[in-house]
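Numbering (this note's numbering), first residue to last: 1473 to 1903. Every residue gets a Cβ at the ideal spot worked out from N, C-alpha and C, and that includes glycine.
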């Protein structure tokens, strides 16, 4: 609210006020005309009788907040178990590229001299080790789930909750909710975030009515890492739809399926690091570049793009900072922050969107505890903002420790007031 009053003299005209707002970064500036007021006591309202009414969107704050020390210096990092099978990974087990990803992460953490790290990845002894030597703080990077079971991703933070060990990332309830894509869609619709048309299909229901809108995207209702989503998941005819449903019934027995309106246009991702009430660092919006993909292949980020190095989806898809108008960018960010809070995400999350044939932005996925790897979308976003991989990991640690310290009413180890890691150039800070 701007009050322009100095001894009943208006210092700025309507145009001057508009220009001032524009100069300091406000957008969507609108003039709503004059507001006429009358006094119930027959007083002379002077300038107040003719008010100029403008509205505008405030600019996102930028610039690094003060850097301060961590609340917990000793950090235990929880990881998937490379000794165990992993149904999500190529061949059903850890591969050389997976080991390389872990090593890159460890090298990045080694750059964070303000912390001391230990690593736990043996799930057979995990409970015993956590009980015998309870961590001060956990960096939870075990997105494989307990015993590398994706359905048990929420079990890892649940164990930490029972042991009263603070940790980074989403709580069990958030992970459980977001694992069910139909639930996420219902919540998005309840807060007016647009979503694609969708039909929930139970593979055991022989009388189900299949949708007739094509093209459609067929995917499992549960899960992440694009399990069950391949290039054949985009179907154009009833015959292709039935064929892919049969494939999912064989590959993922008993798992419900979503049949969605296929969104054919641009794909965007929004990364958020922060927490409600403290502030958010919104990383630069990323756009998926499918222009190098072989003609005839559908534009999707499916299983091949994440787990099959020999696939064109692995080598021919690129990412760049989205060059979109401010209105579209604001809409993406507003939707993401709204869902972050409504779904009770914590510390960091990623939100994926696509546009339909008419250019309308619609939600694809919500990813609490999104991929932390060096070649993941979150790190691409950070790179566009001038952050290094180590900076991303530090940011997650610092905002999580700040959250825990505030909840506990102070600083755990006297290490100074924790704060979110420095906001890079190009990243927006929302408070």
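Taking Cβ positions, are residue i and residue j nearer each other than 7 Å?
i: residue 1742; j: residue 1783; result: no
i: residue 1673; j: residue 1731; result: yes
i: residue 1793; j: residue 1856; result: yes
i: residue 1465; j: residue 1879; result: Nothing can be reported for residue 1465: it is not among the residues displayed for the chain, which extend from 1473 to 1903.
i: residue 1620; j: residue 1564; result: no
i: residue 1588; j: residue 1555; result: no
i: residue 1791; j: residue 1702; result: no
i: residue 1637; j: residue 1606; result: yes
i: residue 1873; j: residue 1543; result: yes
i: residue 1840; j: residue 1850; result: no
i: residue 1499; j: residue 1529; result: yes
i: residue 1640; j: residue 1611; result: yes
i: residue 1803; j: residue 1735; result: no
i: residue 1844; j: residue 1613; result: yes
i: residue 1655; j: residue 1647; result: no
i: residue 1560; j: residue 1699; result: yes
i: residue 1694; j: residue 1762; result: no
i: residue 1871; j: residue 1747; result: yes
i: residue 1862; j: residue 1580; result: yes
i: residue 1819; j: residue 1868; result: yes
i: residue 1592; j: residue 1550; result: yes
i: residue 1827; j: residue 1738; result: yes
i: residue 1812; j: residue 1744; result: yes
Where DSSP assigns a beta bridge to residue i, which residues make up the other side?
i: residue 1746; result: 1752 and 1819
i: residue 1499; result: 1529
i: residue 1590; result: 1548
i: residue 1791; result: 1760
i: residue 1465; result: Only positions 1473 to 1903 of the chain appear in the structure, and residue 1465 is not among them; the question remains open.
i: residue 1732; result: 1670 and 1689
i: residue 1839; result: 1822
i: residue 1739; result: 1826
Take the Cβ of residue i as the centre, count every other Cβ of all protein chains shown within 10 Å, and call the residue buried at 16 or more, exposed below.
i: residue 1488; result: exposed
i: residue 1707; result: buried
i: residue 1653; result: buried
i: residue 1617; result: buried
i: residue 1822; result: buried
i: residue 1626; result: buried
i: residue 1503; result: exposed
i: residue 1595; result: buried
i: residue 1765; result: buried
i: residue 1484; result: exposed
i: residue 1599; result: exposed
i: residue 1733; result: buried
i: residue 1904; result: Nothing can be reported for residue 1904, as the shown portion of the chain is limited to 1473 through 1903.
i: residue 1681; result: exposed
i: residue 1789; result: buried
i: residue 1866; result: buried
i: residue 1714; result: exposed
i: residue 1725; result: exposed
i: residue 1548; result: buried
i: residue 1832; result: exposed
i: residue 1634; result: exposed
i: residue 1891; result: Residue placement at residue 1891 is flagged as unreliable, the pLDDT there being 40, under the threshold of 50; the coordinate-derived value follows with that caveat. Buried, by the Cβ-count rule.
i: residue 1575; result: exposed
i: residue 1801; result: buried
i: residue 1799; result: exposed
Check whether the Cβ of residue i lies closer than 7 Å to any Cβ atom in chain D.
i: residue 1647; result: Structure shown: chain D not included; a single protein chain is present.
4 or more residues per run - each alpha helix (DSSP H) lying fully within the region 1593-1619:
1598-1604
What residue ranges within the region 1637-1715 form continuous beta strand (DSSP E) runs of no fewer than 3 residues, ordered along the chain?
1670-1673 and 1688-1692
How do the region 1774-1788 and the region 1713-1720 stand: do at least 3 beta-carbon pairs fall below 8 Å, yes or no?
no
Should the region 1740-1759 be regarded as contacting the region 1676-1693, the criterion being three or more beta carbon pairs within less than 8 Å?
no
Going along the chain, which unbroken runs of the alpha helix (DSSP H) with 4 or more residues stay wholly within the region 1848-1881?
1849-1856 and 1861-1879
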